[in-house]
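K.L.:
Shown below is the structure under consideration.
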Amino acid sequence: MQIRSVLKPVFVVMAFFAIMAATGCSVSGQDEIQTFYGQALGTSYSIKYVGEKNKVGKYQHGVNSVLDRIDQSMSTYLKKSELNRFNDAPVGEPFHMSDDLFYVVSQAQIISEKSVGAFDITVEPLVDLWGFGPSDRPDIVPDKAELTKAFDMVGYSALQMDTATHTVTKIAPREIDLSAIAKGYAVDKVAEYLDSLNISAYLVEVGGEMRLKGKKPNGDSWRVAIETPESGAGGIYRILPLSDRAIATSGDYRNYFEVNGKRYSHTIDPKTGFPIDHPLVSVSVITDSCAIADGWATAMMVLGTRSALELAEKEQLAVFLIEKTADGFKEYKSSLFDNYEFKR
């Protein structure tokens, strides 16, 4: 029997917005928390900032412009996006990239190197083969020949970067997908836009990835809710006060299928070609950059608990991991995560 679970992300922080607005902005005028929402990059976004209400329309227009620029560059769904033009480019021909795209690809390659291939923006052929890509393949386990063919199309080392010319050259057939890092980058660019407006306190969320600055009007830090990592649960697992940092979370509990009682995750290990198969179900990474947090969260989800913790210590990353065991959830954290304290 086959079972498929594809739940659209329900980011718990959204449930917190109404609560925070009610408890965190009792003063009037420009000290109030303002909120606006929208759709971009195939997902939703939410912005909260401390400031004047009459600027909401202007600020949202600016945010939409930033997100549209990134979408035009990095979307896999817009046929004429810069990313798709690169994917269509022939092998061996240098492709000049915009500052946005070149930066994201460069950072992705750095994470790929440091994670020894656990993060790989060329993994899409395998993701698609396992039924989690755009081809809408049936929920079946691919055979060896199919896996070999797809595996031959994967490997970040086939992308040659030239920082002097901002070009990337494919030395073998490759297509890239930035879905595991682009949302985080979008958060960073929206935050930079708000910084340019001299907004001193904000919470930027795009597709669940967040960057936070300053304090709420009552002096408290913003609060981030980490979701219970269980399909259909939709509850709050932990609450984390956070300011002047970015946080990204990756999990494998929302998108999967089952065949004959075996569960196949949407998170594919680029080094094996198979879905991950370990008890780690959620990884949260805190850094200064949401793009970096986004990429690392995916890499560590692939690696599993022990390797993820070892790499977090080596790279000096604040990481919080949750395993699902027969006895319930088990938590792990890197030493740098001791700088952060959950609220019960």
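Letter by letter, the sequence shown follows residues -21 to -1, 1 to 323 of mature numbering (1 follows the signal peptide of the UniProt record, and there is no 0). Even glycine gets a Cβ: it sits at the ideal position worked out from N, Cα and C.
Nearest-angstrom Cα distance between Y28 and K192?
P.N.:
Position 49 of the sequence shown, counting from 1, holds the residue named residue 28. Position 213 of the sequence shown, counting from 1, holds the residue named residue 192. So the two alpha carbons sit approximately 9 Å from each other.
K.L.:
Closer than 8 Å is the cut-off here; do at least three beta carbon pairs connect the stretch 76 to 86 with the stretch 47 to 59?
P.N.:
Output reads yes: the stretch 47 to 59 touches the stretch 76 to 86.
K.L.:
The beta strand (DSSP E) with A19 in it runs from where to where?
P.N.:
Within the sequence shown, the letter at position 40 stands for residue 19. Here the beta strand (DSSP E) through A19 covers I12 to A19.
K.L.:
Quick check: what's the CA-CA separation for V35 versus L221?
P.N.:
By one-based count along the sequence shown, residue 35 stands at place 56. By one-based count along the sequence shown, residue 221 stands at place 242. Cα to Cα, V35 sits roughly 24 Å from L221.
K.L.:
Go ahead and pull the three-state DSSP assignment for E237.
P.N.:
Along the sequence shown, read from residue 1 onward, the residue named residue 237 stands at position 258. Strand, per DSSP.
K.L.:
Could you give the distance in angstroms between the alpha-carbon of I155 and the alpha-carbon of K250?
P.N.:
Within the sequence shown, numbered from 1, the residue matching residue 155 stands at position 176. Within the sequence shown, numbered from 1, the residue matching residue 250 stands at position 271. Rounded to the nearest angstrom, the two C-alpha atoms are 16 Å apart.
K.L.:
Please determine if the stretch 116 to 130 and the stretch 174 to 194 are in contact, where contact requires at least 3 C-beta pairs separated by less than 8 Å.
P.N.:
No, the stretch 116 to 130 does not touch the stretch 174 to 194.
K.L.:
For D231 and S261, what's the separation of their Cα atoms in angstroms?
P.N.:
By one-based count along the sequence shown, residue 231 stands at place 252. By one-based count along the sequence shown, residue 261 stands at place 282. The alpha-carbon atoms of D231 and S261 are separated by roughly 7 Å.
K.L.:
Near I255, which residues of its chain fall below 8 Å by C-beta distance, leaving aside the five closest residues on each side in sequence?
P.N.:
Your numbering for residue 255 matches position 276 in the sequence shown. If we look at I255 and ignore the five residues flanking it on each side, its Cβ neighbours are D231, S244, T246, I247, D248, M280, V281 and G283.
K.L.:
Output the residue ranges of the beta strand (DSSP E) runs that lie fully inside the stretch 105 to 178 and measure 3 residues or longer, sorted by chain position.
P.N.:
Counting whole runs of 3 or more residues, the stretch 105 to 178 contains the beta strand (DSSP E) stretches 138 to 141 and 146 to 149.
K.L.:
Would you mind reading off the limits of the beta strand (DSSP E) that contains Y216?
P.N.:
The residue given as residue 216 occupies position 237 in the sequence shown. Y216 -> beta strand (DSSP E) spans I215 to L221.
K.L.:
Tell me which same chain residues have a C-beta within less than 6 Å of the C-beta of A170, skipping the five on either side of it?
P.N.:
Here residue 170 refers to the residue found at position 191 when the sequence shown is read from its first residue. V183 and R190, listed in sequence order.
K.L.:
Where does I205 fall in DSSP's three states?
P.N.:
As a position in the sequence shown, residue 205 is number 226, starting the count at 1. In the structure shown, I205 sits in a strand (DSSP, three-state: E or B).
K.L.:
Give me the Cα-Cα distance between D67 and F299, rounded to the nearest whole angstrom.
P.N.:
Walking along the sequence shown from the start, residue 67 turns up at place 88. Walking along the sequence shown from the start, residue 299 turns up at place 320. Near 38 Å, if we compare the C-alpha coordinates of F299 and D67.
K.L.:
Nearest-angstrom Cα distance between P258 and E72?
P.N.:
Counting from one through the sequence shown, the residue named residue 258 turns up at place 279. Counting from one through the sequence shown, the residue named residue 72 turns up at place 93. So the alpha carbons of these two residues sit roughly 42 Å apart.
K.L.:
Can I218 and R202 be called in contact, C-beta distance under 8 Å?
P.N.:
Reading the sequence shown from its first residue, position 239 is the one you call residue 218. Reading the sequence shown from its first residue, position 223 is the one you call residue 202. Yes, Cβ-Cβ distance for I218 and R202 is below 8 Å.
K.L.:
According to DSSP, A297 sits in a beta bridge with which residue or residues?
P.N.:
The sequence position of residue 297 within the sequence shown is 318, counting from 1. A297 pairs with I265.
K.L.:
Once you ignore the five residues that flank R153 on each side, which residues in its own chain have a CB closer than 6 Å to its CB?
P.N.:
In the sequence shown, residue 153 corresponds to position 174, counting from 1. Excluding sequence neighbours, R153 sits near T101 and A137.
K.L.:
Using the rule of at least 16 other Cβ atoms within 10 Å of the residue's Cβ for burial, across every protein chain shown, is V6 buried or exposed?
P.N.:
Working through the sequence shown from its first residue, we reach residue 6 at position 27. Here V6 scores only 43 on pLDDT, less than 50, and its place in the model should not be relied on; the value that follows carries that caveat. V6 is exposed by the Cβ-count criterion.
K.L.:
By the three-class DSSP mapping on this structure, what secondary structure does A287 have?
P.N.:
As a working mapping, residue 287 is identified with position 308 in the sequence shown. Here A287 sits in helix by DSSP.
K.L.:
If I measure Cβ to Cβ from F321 and keep anything under 6 Å in the same chain, skipping five residues before and after, which residues do I get?
P.N.:
Reading the sequence shown from its first residue, position 342 is the one you call residue 321. Closer than 6 Å at the Cβ level, and outside the excluded window around F321, lie R217 and L219.
K.L.:
Could you tell me the alpha carbon to alpha carbon distance between F111 and L62, rounded to whole angstroms?
P.N.:
What you label residue 111 is simply residue 132 of the sequence shown in a count that begins at 1. What you label residue 62 is simply residue 83 of the sequence shown in a count that begins at 1. Their backbone Cα atoms lie some 20 Å apart in a straight line.
K.L.:
Only counting the same chain, and skipping five residues up and downstream in sequence, which positions put a Cβ closer than 7 Å to that of S229?
P.N.:
The residue labelled residue 229 in the question sits at position 250 within the sequence shown. Excluding positions up to five away in sequence, the list reads V262, A276, T277 and M280.
K.L.:
When the Cα atoms are used, what is the spatial distance from residue 325 to K32?
P.N.:
Any property of residue 325 remains undetermined from this structure, which presents the chain solely from -21 to 323.
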